[in-house]
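This report concerns only the one structure given below.
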Amino acid sequence: MRMSPWRREQIIAKVVRIVEGFLDSPAAEGGAGDLYTSEHRSLDCGRQVANELLQAEVDAQGTGHCGQWHEDTAGVRRKFNRYVPKTVQTLVGPITVQRALYHRTGASPAGVCPLDARLGLTRGTYSRGMEEVIALAGTCDVYRPALKLVNRLTGAHVSVQKAETTVAAWGAAAKAKVQAAPRAPETTVERIAATRPVPGRRRCVTTDGTTVQTTERWRDTKLIGVYAFDEKGQKVGPVAYAGTLHYQTDYPVLLWQLLERTGASRAETLVWLGDGALWVWAQQATVAPHAVAIVDFYHAADRLWKVGRALYNAAGQERAAKRWAQKWIKNLYGGKVRRLLQELARHVPRVGTPPPECAEDDPRRVLHAAQTYFAHNAGRMHYARYRRLGYPIGSGVIESACRHIVGLRMKRTATMAWTEANAEAMVQLRCLCASDEWDAFWGFDKLWRGPRARAA
336 MRMSPWRREQ
346 IIAKVVRIVE
356 GFLDSPAAEG
366 GAGDLYTSEH
376 RSLDCGRQVA
386 NELLQAEVDA
396 QGTGHCGQWH
406 EDTAGVRRKF
416 NRYVPKTVQT
426 LVGPITVQRA
436 LYHRTGASPA
446 GVCPLDARLG
456 LTRGTYSRGM
466 EEVIALAGTC
476 DVYRPALKLV
486 NRLTGAHVSV
496 QKAETTVAAW
506 GAAAKAKVQA
516 APRAPETTVE
526 RIAATRPVPG
536 RRRCVTTDGT
546 TVQTTERWRD
556 TKLIGVYAFD
566 EKGQKVGPVA
576 YAGTLHYQTD
586 YPVLLWQLLE
596 RTGASRAETL
606 VWLGDGALWV
616 WAQQATVAPH
626 AVAIVDFYHA
636 ADRLWKVGRA
646 LYNAAGQERA
656 AKRWAQKWIK
666 NLYGGKVRRL
676 LQELARHVPR
686 VGTPPPECAE
696 DDPRRVLHAA
706 QTYFAHNAGR
716 MHYARYRRLG
726 YPIGSGVIES
736 ACRHIVGLRM
746 KRTATMAWTE
756 ANAEAMVQLR
766 CLCASDEWDA
776 FWGFDKLWRG
786 PRARAA
């Protein structure tokens, strides 16, 4: 940081006065204050010192004045107009930034402050660091207590409305960043490397959906999870997530980007787990037709419990229903899907075919739905072979994500409704947090690597 000796002495003198004021306060002299009071007094003193240092560093950047004329990256020239101060709320309190304003009537935008781009200032009154902690607080399961903590630690007074708009802006930015097209391989070596499977790499893609109530209507939210698994089919390491409310337009892009980011697109063994819904296999056939498609075993088993209760629904037949379900779940676990289909067909003459108007829990409809489900997914239910090859057969990872990414934050009450834009933003940010990719995604990991290593 370059500054004159006079300015340097001025800053040191201010810092000394702040520290002396802290040490000369009645609480410090008497020693009667409890630890809680001393902690917050020390924190406030530290903020004041940090605020002076930050103000000095920003002042050392200058005003961004670059002569009478300024030319932007598009070649538009603007004339120097005046100096414009701006107060910015930072993590250590408010600072004032003096900026040179260049203006040209008819240009878009008409006025430009070159220093804003250099410092990373936005149009709002909060710094990027402050916006980040607000966005992180907004993604918590209950964000009002988290926002209170932000205010207490920073000395700011962030409103709930500001938190909502910040989350919306950061969520939209996250989605735009993900959707940005990656650089295509240019050389022959790069093209081969981008498509060649990595020996020994095993990845599982698992997908599911849940609903969110928006102010317009209930919307499906599709989530994707990708993780590595070992030779026993057990998850290894963290899960990377992505999700969206916009299935038709955004889901394929987010899905492919997640596969690229996690290395699943180049996995030697790629498993695709789902609950049997048609949209799951439609995406798999489009994005990764070579993947091993597997229906979640526990979804299939739950179907058989429903069939058992439908076939033996009379009073006193509970044991018969349980025995039937357990027997055929065991057969399914052994991969005997053909026998199961024969068993279901055997009951059709006794139960009958469902008329169009029958209820969802009518035994005829339950049996018919099960026949359709198992017949359509028979090729994805070879569980004995999957277990022998060390493939995962349960999609509990993504079902849990539907609850902890979407449900806990966005479905807290029956009357909670979101605007569609805010709901989409929240899904984007909570997927980043659940994936433990926040710092790496925004490019903050290099900044925090040093402090975390020292803390460890």
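Numbered per this note's numbering, the sequence shown spans residues 336 to 791.
Don't be surprised by glycine CBs; every beta carbon is placed ideally from N, CA and C.
Because the structure is a prediction, the values reported are computed rather than measured.
Proximity to Thr-440 [Cα-Cα], best of Gly-455, Arg-413 and Arg-479: Within the sequence shown, residue 440 is the residue found at index 105, counting from 1. Out of Gly-455, Arg-413 and Arg-479, Arg-413 has the C-alpha closest to the C-alpha of Thr-440.
key: CB-CB length for Arg-479 against Val-502, believed under 8 Å   = Here residue 479 corresponds to residue number 144 of the sequence shown, with the count starting at 1. Here residue 502 corresponds to residue number 167 of the sequence shown, with the count starting at 1. Wrong, their Cβ atoms sit about 13 Å apart, outside the cutoff.
*Would you check if the distance between the CB atom of Thr-549 and the CB atom of Ala-758 is smaller than 9 Å?*
In the sequence shown, counting from the first residue as 1, residue 549 sits at position 214. In the sequence shown, counting from the first residue as 1, residue 758 sits at position 423. Taking 9 Å as the Cβ cut-off, Thr-549 and Ala-758 qualify as a contacting pair.
Legend entry - Segments assigned alpha helix (DSSP H), at least 4 residues, entirely inside the region 553 to 625: Given a length threshold of 4 residues, each whole run of the alpha helix (DSSP H) inside the region 553 to 625 is given here in chain order: 582 to 597 and 613 to 622.
- Does DSSP put Arg-434 in a helix, in a strand, or in coil? For the purposes of this step, residue 434 is taken as residue 99 along the sequence shown, with counting starting at 1. Three-state DSSP puts Arg-434 in a strand.
Who are the Cβ neighbours of Val-427 in its own chain at under 7 Å, not counting the five residues just before and after it? Taking the first residue of the sequence shown as position 1, residue 427 is located at position 92. Contacts found: Arg-382, Ala-385, Asn-386 and Leu-389.
Neighbourhood of Gly-725 by C-beta distance below 6 Å, restricted to the same chain and skipping five residues each side = Numbered from 1 along the sequence shown, position 390 holds the residue referred to as residue 725. Taken in chain order, the residues that qualify are Glu-566, Lys-567 and Gly-568.
request  = Would you be able to state if there are at least three C-beta pairs under 8 Å between the region 622 to 638 and the region 713 to 722?
outcome  = The region 713 to 722 vs the region 622 to 638: in contact.
(message) Tell me the DSSP secondary structure of Ile-728 in three-state form.
(response) Along the sequence shown, one-based indexing puts residue 728 at 393. Coil.
Taking the alpha carbon of Arg-337 as the reference point, which residue from Leu-488, Val-393 and Val-627 has its own alpha carbon closest?
As a working note, residue 337 is residue 2 in the sequence shown. Answer by Cα proximity: Val-393.
Problem - Residues near Val-468 in its chain [Cβ-Cβ closer than 8 Å; skip 5 each side] - result: Within the sequence shown, the letter at position 133 stands for residue 468. Hits under 8 Å: Leu-426, Val-485 and Thr-489.
- Message: Using CA atoms only, rank isn't needed, just tell me which of Glu-603, Thr-541 and Arg-554 is closest to Ala-628.
- Response: To locate residue 628, count along the sequence shown from 1; it is residue 293. With distances taken between Cα atoms, Ala-628 lies closest to Thr-541.
Exercise. Return the residue from the list Glu-595, Pro-429 and Ala-435 that minimises the CA-CA distance to Gly-464.
Key: Looking up residue 464 in the sequence shown gives position 129. When only C-alpha atoms are compared, the closest one is Pro-429.
### Query
Buried or exposed: Glu-466, going by 16 or more other Cβ atoms within 10 Å of its Cβ?
In the sequence shown, the residue the question calls residue 466 occupies position 131. Residue environment: Glu-466 is assigned as buried (16 or more neighbouring CB atoms within 10 Å of its CB, all protein chains considered).
Mapping DSSP to helix, strand and coil, what is Pro-361? Counted from its first residue, the sequence shown places residue 361 at position 26. Of the three classes helix, strand and coil, the one that applies to Pro-361 here is helix, per DSSP.
Exercise for the section: Assign Asp-543 to one of two classes, buried (16 or more other C-beta atoms within 10 Å of its C-beta) or exposed (fewer than that). Expected result: Against the sequence shown, residue 543 aligns to sequence position 208. With a 10 Å radius around the Cβ and a threshold of 16 neighbouring Cβ atoms, Asp-543 comes out buried.
_Extent of the continuous alpha helix (DSSP H) run through Gly-544_ = By one-based count along the sequence shown, residue 544 stands at place 209. Taken as a continuous stretch (DSSP letters only), Gly-544 belongs to no alpha helix (DSSP H), being part of the beta strand (DSSP E) at 533 to 548.
Look at the alpha carbon of Lys-421 and the alpha carbon of Thr-431, and state the distance between them as a whole number of angstroms. For the purposes of this step, residue 421 is identified with residue 86 of the sequence shown, where counting begins at 1. For the purposes of this step, residue 431 is identified with residue 96 of the sequence shown, where counting begins at 1. Spanning the two alpha carbons is a distance of roughly 6 Å.
In its own chain, which residues sit with a C-beta less than 6 Å from the C-beta of Tyr-461, not counting the 5 before and 5 after it? By one-based count along the sequence shown, residue 461 stands at place 126. Closer than 6 Å at the Cβ level, and outside the excluded window around Tyr-461, lie Gln-424.
One or two residues paired with Gln-424 in a DSSP bridge: By one-based count along the sequence shown, residue 424 stands at place 89. The partner list for Gln-424 (beta bridge, DSSP) reads Pro-429 and Tyr-461.
Practice prompt. Would you mind reading off the limits of the beta strand (DSSP E) that contains Trp-404?
Written response: As a working mapping, residue 404 is identified with position 69 in the sequence shown. For Trp-404, the uninterrupted beta strand (DSSP E) run begins and ends at 404 to 406, by DSSP.
Have a look at the DSSP bridge pairing and note the partners of Ala-760. Within the sequence shown, the letter at position 425 stands for residue 760. Beta bridge pairing from DSSP links Ala-760 with no other residue.
Look at Tyr-418 and Thr-398 and say whether their C-beta atoms are less than 9 Å apart. Position 83 of the sequence shown, counted from the start, is the residue given in the question as residue 418. Position 63 of the sequence shown, counted from the start, is the residue given in the question as residue 398. In this structure, Thr-398 lies closer than 9 Å to Tyr-418 by Cβ.
Closest to Asp-610 by C-alpha separation, out of Gly-506, Ala-481 and Tyr-708, would be which residue? Your numbering for residue 610 matches position 275 in the sequence shown. For the residues Gly-506, Ala-481 and Tyr-708, the minimum Cα distance to Asp-610 belongs to Tyr-708.
request  = Tell me whether the beta-carbon of Val-762 lies closer than 9 Å to the beta-carbon of Met-745.
outcome  = Here residue 762 is taken as the residue at index 427 of the sequence shown, counted from 1. Here residue 745 is taken as the residue at index 410 of the sequence shown, counted from 1. One thing to note: Val-762 has its Cβ within 9 Å of the Cβ of Met-745.
* Inspect the beta-carbon positions of Ala-736 and Lys-510 and report whether they are closer than 9 Å. => As a working note, residue 736 is residue 401 in the sequence shown. As a working note, residue 510 is residue 175 in the sequence shown. Not a contact, by the Cβ cut-off of 9 Å.
Original post:
Smallest Cα separation from Gly-446: which of Arg-434, Glu-595 and Arg-453?
Top reply: As a first step, residue 446 must be located in the sequence shown, where it is residue number 111. Comparing C-alpha distances from Gly-446 to each of Arg-434, Glu-595 and Arg-453 shows the shortest one belongs to Arg-434.
| message | With H, G and I counted as helix, E and B as strand and the rest as coil, what does DSSP make of Gly-446? | response | For the purposes of this step, residue 446 is identified with residue 111 of the sequence shown, where counting begins at 1. In the three-state DSSP reduction, Gly-446 falls in the strand class (E or B).
Alpha-carbon to alpha-carbon, Ser-373 and Leu-743:
Counted from its first residue, the sequence shown places residue 743 at position 408. Counted from its first residue, the sequence shown places residue 373 at position 38. Roughly 36 Å separates the two Cα atoms.
*Between Tyr-586 and Ile-740, is the Cβ-Cβ spacing less than 9 Å?*
As a position in the sequence shown, residue 586 is number 251, starting the count at 1. As a position in the sequence shown, residue 740 is number 405, starting the count at 1. It is not a contact, given that the beta carbons lie outside the stated cut-off.
Between which two residues does the alpha helix (DSSP H) harbouring Ala-655 extend?
By one-based count along the sequence shown, residue 655 stands at place 320. Counting along the chain, Ala-655 sits inside the alpha helix (DSSP H) bounded by residues 653 to 668.
With DSSP run on the structure shown, which of helix, strand or coil describes Arg-439? Position 104 of the sequence shown, counted from the start, is the residue given in the question as residue 439. Looking at Arg-439 - three-state DSSP - the assignment turns out to be coil, as it is neither helix nor strand.
Per-residue DSSP class, three states only, for Tyr-647: In the sequence shown, the residue the question calls residue 647 occupies position 312. Secondary structure at Tyr-647: coil, using DSSP grouped into helix, strand and coil.
For the alpha helix (DSSP H) holding Ala-320, just list the boundary residues, first then last.
This structure does not reach residue 320, given that the chain is present from 336 up to 791, and the question cannot be answered.
Under 8 Å, with one C-beta from each stretch per pair, do the region 636 to 651 and the region 690 to 706 reach the 3-pair mark?
Touching, per the Cβ criterion.
What number of angstroms, rounded off, separates the C-alpha of Leu-676 from the C-alpha of Gln-619? For this step, residue 676 is matched to residue 341 along the sequence shown. For this step, residue 619 is matched to residue 284 along the sequence shown. Computed Cα separation, rounded: 25 Å.
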